[in-house]
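Notes follow the structure.
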Amino acid sequence: MTMQDDEILGKAYDGKLMVRLIKYLKPYKWYVIVAVFLSMIVALLESVRPFFTKIAVDENIAKGDSEGLLNTTLLFGSVLIIRGLVQFFVAYLTLWIGQKTILDIRIEIYRHLQYRGLKFFDKNPIGRLVTRVTNDIEVLNDMFSSGIVMVFSDVFMIIGIVWLMFSMNWNMALITLSVLPLLFYGTFVFRKKAREAYRQVRLQVARINTFIQEHISGMLVDQIFNREKKSYKKFIDINGAHRDANIKSIFYYALFYPAVDIIGSVVIGLIIWYSAGGILAGTVTIGTLMAFLQFNEMFWRPIRDLSEKYNIMQTAMASSERIFKLLDDKTIIHESKNPIDIGKSKGKVEFRNVWFAYNDEDWILKNVSFTINPGKAIAIVGHTGAGKTTIINLLNRMYEIQKGEILIDDVNIKNISLDNLRNNIGIVMQDVFLFSGDVKSNINLGNENISEEVVKKSAEMVGVKKFIDSLNGGFYGEVKERGATFSVGQKQLISFARTLAFNPQILVLDEATSSVDTETESLIQKAILKLLQNRTSLVIAHRLSTIQRADKIIVMHKGEIRESGTHKELILNEGIYYKLYKLQYKEQEVPVLTQ
Amino acid sequence: MKSLSYLIPYLKKYRSQLLWGIGSIILANIFSVVLPHFIGKAVDKMNTISQNNQEVLNEMFWYAVLIISFTFIAGVLLYYTRQTIIVTSRHIEFDLRNDFLEHLQKQPYSYFQKTPTGDLMAHATNDINAVRNVLGPGIMYPIDSLMGLIFSLSFMFAKSWSLTLIALIPLPLVSYVVYRVGRSIHTKSIEKQESYSKLTTRAQENLSGIRIVKSYVREKYEIDLFEKLSQTYFKKNMQLAKIQSLMWPLMFMLVGSSILLTIYFGGLSVINKELTIGTLTAFLSYLVMLIWPMIALGWVINILQQGAASMSRLQKIIDRKSEISNNDLTNYTIKEVEGEIEFKNVSFKHDGSNFDTIKNINLKIPKGSTLAIVGKTGSGKSTLVNLIPRLYDITDGELLIDGKNVKQLPLEVLRTQIGFVPQETFLFSETISENIFYGVEEKKEDDLIESAKISQISVDVEEFPKKFETVIGERGITLSGGQKQRTSIARAIIKTPKILIIDDALSAVDTDTEDKILHQLRAVMKGRTSIIISHRISTVKDADYIIVLENGAIAEKGTHDELLIIKGIYSDLYGKQLLEQELEELK
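Top line first, the protein sequences correspond to chains E and L.
Take 1228 as the starting number for the first sequence in my numbering and just add one per residue.
Take 925 as the starting number for the second sequence in my numbering and just add one per residue.
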């Protein structure tokens, strides 16, 4: 069983991490102070309860003072009510503080993530990043709420009880406290054992989950290889280990709770025995005896709570370490010191001796140069792995090039403000990504400057409006995760509408290769025409129609530009393009001709 | 609640343990319930102090001893209760989960295609866990509470009728509060969880679509959106927090008021000499003993409700009958398969689909021959071969193996004789040797080495430090696509099957290696039937017979040479692959 990175627990306290964590409480400083103060009051009011019993018994009942008894009862009653109210308020307040703090941290991490460079996302699996924003932060909640404030409450409770006991009777206080070390020790040993047992249980749960997951995914293999019975036997082992781990943890609980009771009964026995002598000697009253019987019961809750804090701290430290590591990441695309705002670009694009590699010197692009004049279209073609898609990533600075220059309107893109640059470039990717939500928000991506009218007009221009109108809810119709209910063609058209709505001067289009039905195909071809109109465009082309309409074709092969020219020129040349043409584009001749 | 009756047979299996456990709860309650009585007696004794000092002290000593030893006995019994009832609940959980898996194993392939794995996982963990809660705490606490209630109440009533009634006034409210608060905690938790999963989904989507976000400069919008979702989640949390914060103060107030009433009215009775101070002390202790049963009662109702809901969800799965299994047609005398396959007007339609995926296929594959299938993605190639081991049952026509309807063959016999290499390679995270030995009874080292050689995986395995004992997926050892496919081939051929089916499982293997595999296979599969699906002409060109599938029907058929002459789909595909090869080789 491999332990996941996220499962490793370390120490329960780390000064550096703690200082950093506490900083997040700063905005809520006063709330924390109020919560601590009020929790002390609760602790105090809780611990005086036996004191009232003593007064009721010794001062009122023993002396036959029924009026006094009523007063004591009423006083006790009001303490009870006050305590209840304050306790409610404190509990709510501490949870509020915890939630508010983790809300802040969550948004900070999320914001941090939004501005990481794409390189960062290549290195970090999305699943893990999601865990940071979700689970890891949830764990901190316990620390910020019960972890910090309630520690004070527990400690004060213990102090309060001890103080009241000693003020009533020294000897009896000592007797009651005599078992305290044992109780402390027992509780902490139990916590440790229970924690370890719990960890084992979780490990076994993970094993069961892995097994079930794997054997559901691999059910086909199980069935086709007649392995059901053997797999079943194997599962019995894993499932049995899970059961045994649980049974072991039951053992600790079964042992611990009666043990606490027994320790408590020893104190009761001692108190009774001692008070008998005390009462005879006149140093102890019945009320004191009753009060101590109650003190004895009240002790162990704060002790148990304190021992739980260890767990909370341990997990919080492990999570915060991972969170801070993420927050310390520096992978971003740097904005130039004096960023230039070129406004709405004229649309001139130039690659000048561009070299690029994702890793070290593993060149994906080698010395690539070309120029696209405003309003012109260039088609890039090439076999798989030629480096076509990489060009898209470079133009809007998703990655930084190692050598050479990329210019827009004759300005190096490194000097253009990042937002300005990206606002000028529209990108249509091969795999259309739709967000869950509605159609409208997928077209304007939540940009309120793009009105509903523009959204609708864009959809109409690419010929997808009819489809959208047919949806339940029209433009406000539901889009499932990744647009699951839409066809590939519909998704593409929506992404075209998106680009059109943003109306960029420069367009980069990575045509999808997946086949669609003829009707959709003709819709797409028409839409592409609309898209390219009056724009500078760079198309990674898979459609013959698109290629033929381009002003120039660039043929890439293994990271280099090998051929360039018009369709006719390149065909006559009988080079790489000619081969590609025969391989990919030739059969598309017919639909283009009928247009 | 009815669904819980399903558990009765499970409970019966552990009858004796459960009965012992219940017996010990009852006994434990008897022992602990007399404790306040002793304390009360002791207090009274002290209050009416006589001159006989030593005698009182001795008596007190014995009270102390009694209290400690009774607590001790009750503790031992309580220990025993947990060790029987709670442990039994874990045993039943174990049985339930085993049965659940065994049941899943009988479900046909189509069931798993329709049902998200996550759902099944949730049933196997959460639902079974909720049912387990019914069996453990759901049995122990009600009995414990009931016993505690009966014993404490009878002692209390015996001491003072009127005081008991007064003290009891607020207590049913405790049960009610726990029940109501518990229920609304449950519903609020679900709301909170939903809000949390929305948050998670958005983060997941945002990060998956981060390129779009960046390209369109939508970072700020995305942050705002996430902030809104986080705020909603915050609100849901606080709604839950309100109820949770309310719970304990409310409980303490109710319990406290009960104590208060007892002290006041009990105190008056003591003043009026109707009651001794010791009885009052005992009374207060009983009261404290009643609190827990009251809390448990409200809690248990929630456990039962949730458990019942989970059980009915589980039942829906368990009651599902498998469509593909041995049946009336099955002829159990058949023990062997020769390897002749014949499709007679075979059509197949997926459940709920309105068109045939496989259309009227007529095809005879003689024993010992090799059939190759080519065709576009979605043309029905995989579906066609999936019909042979009955992963799906045909909807029309007849599928014959050795001239017999495939349904006559016992499922185990049929599948034992088929070596299947599925399109999506699936290996278990076990050692390579365990994966290869997957379908065989006898694990012979020679067979392992031989089949690994044929499938060309042995060269790769030799390079791993632990050779065949390398655990797949552990410590960064991940197999490449081609290595996985070759392991999967080894797994199929080690069975020495009469029918070998390779469903496009050479796609990630380079052409040279592929050539070697095919060459070796030809020797091994002599006299046996092979079916190979591929996109590559190089894979299929030497087959005895080739069919081209299009939209579920046979479009072209013949040998490689025959098909080239037709100049149809096949020859077109061939031409393209030659071109592609040229481009690959271009420097």
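C-beta atoms are modelled at their ideal positions from N, C-alpha and C, and glycine is treated no differently.
As the structure is a computational prediction, the values presented were derived from the model and not from experiment.
A direct Cα-to-Cα measurement between E1627(E) and D1243(L) gives close to 59 Å.
Shown in chain order are the members of the stretch 1447 to 1464 of chain E whose Cβ falls below 8 Å from a Cβ of chain L: L1447, V1448, D1449, Q1450, I1451, F1452, N1453, R1454, E1455, S1458, Y1459, F1462, I1463.
DSSP, read as helix, strand or coil, puts I1312(L) in coil. The residue from V1360(E), H1561(E), E1705(E) with its alpha-carbon nearest to that of E1151(L) is V1360(E).
By the 16-neighbour rule on beta-carbons within 10 angstroms, T972(L) is exposed. When DSSP states are grouped into helix, strand and coil, I1439(E) belongs to the helix group. P1173(L) belongs to the set of residues whose beta carbon lies under 7 Å from a beta carbon in chain E. The Cβ of F1315(E) sits closer than 7 Å to at least one Cβ of chain L. Nothing from the stretch 1241 to 1270 of chain E brings a Cβ to less than 7 Å from some Cβ of chain L. Residue contact with chain E for M1218(L): absent (no Cβ-Cβ distance below 7 Å to any residue of chain E).
Using beta-carbon distances, D1587(E) does not count as an interface residue toward chain L, since no partner is under 7 Å. With a 10 Å radius around the Cβ and a threshold of 16 neighbouring Cβ atoms, Y987(L) comes out buried. One Cα belongs to F1079(L), the other to S1380(E), and the distance between them is close to 37 Å.
Taking C-alpha positions only, S1076(L) is separated from V957(L) by approximately 6 Å. For the options Y1412(E), I1550(E), I1640(E), the alpha carbon positioned closest to that of R1531(E) is the one of Y1412(E).
With respect to F1347(E), T1616(E) sits apart: the two C-beta atoms are not nearer than 7 Å. The beta carbon of A966(L) sits closer than 7 Å to some beta carbon of chain E.
Annotation: the continuous alpha helix (DSSP H) that includes N982(L) extends over 977 to 1005. Residue state for K1259(L) is assigned as coil, using DSSP reduced to three classes. Of the candidates P1566(E), W1397(E), L1634(E), P1566(E) places its Cα closest to the Cα of S1644(E). Residue pairing by DSSP places Y1469(L) opposite L1295(L) in a beta bridge. Interface annotation for the stretch 1479 to 1490 of chain E against chain L: Y1480, A1481, L1482, Y1484, P1485, A1486, D1488, I1489, criterion Cβ-Cβ distance under 8 Å. Non-local beta-carbon contacts of H1484(L) in its own chain, meaning distances under 6 Å to residues more than five positions away in sequence, involve K1465 in chain order.
In this structure, DSSP gives H961(L) a helical state, which the three-state scheme calls helix.
Residues of chain L whose Cβ lies closer than 7 Å to the Cβ of D1646(E) are, in chain order, V1141. Look at the beta carbons and you see the stretch 1708 to 1723 of chain E touching the stretch 1654 to 1667 of chain E: at least three pairs across the two are nearer than 8 Å. Taking the Cα of P1485(E) as reference, the smallest distance to any Cα among I992(L), R1104(L), V1055(L), Q1229(L) is reached at I992(L).
In terms of Cα proximity to T1049(L), the closest of L1238(L), A966(L), L1185(L) is L1238(L). Burial check for K1692(E): the Cβ neighbour count within 10 Å reaches 16 or more, so the residue is buried. Nearest CB-CB separation between V1360(E) and chain L: below the 7 Å threshold. Neighbours of P1346(L) in chain E, taken as residues at a C-beta separation under 9 Å, are given in chain order as L1447, V1448, I1451. Residues I1539, M1540, A1543 of the same chain have their beta carbon placed closer than 7 Å to that of M1370(E), with the five preceding and five following residues left out of the count. Contact between Q1341(L) and I1381(L) fails: their C-beta atoms lie close to 23 Å from each other, not under 8 Å. Contact of F1526(E) with chain L by beta-carbon distance below 9 Å is absent, the smallest such distance being about 14 Å. For V1259(E), the number of other beta carbons within 10 angstroms of its own is at least 16, and it is reported as buried. K1391(L) carries a helical assignment under DSSP once its states are collapsed to helix, strand and coil.
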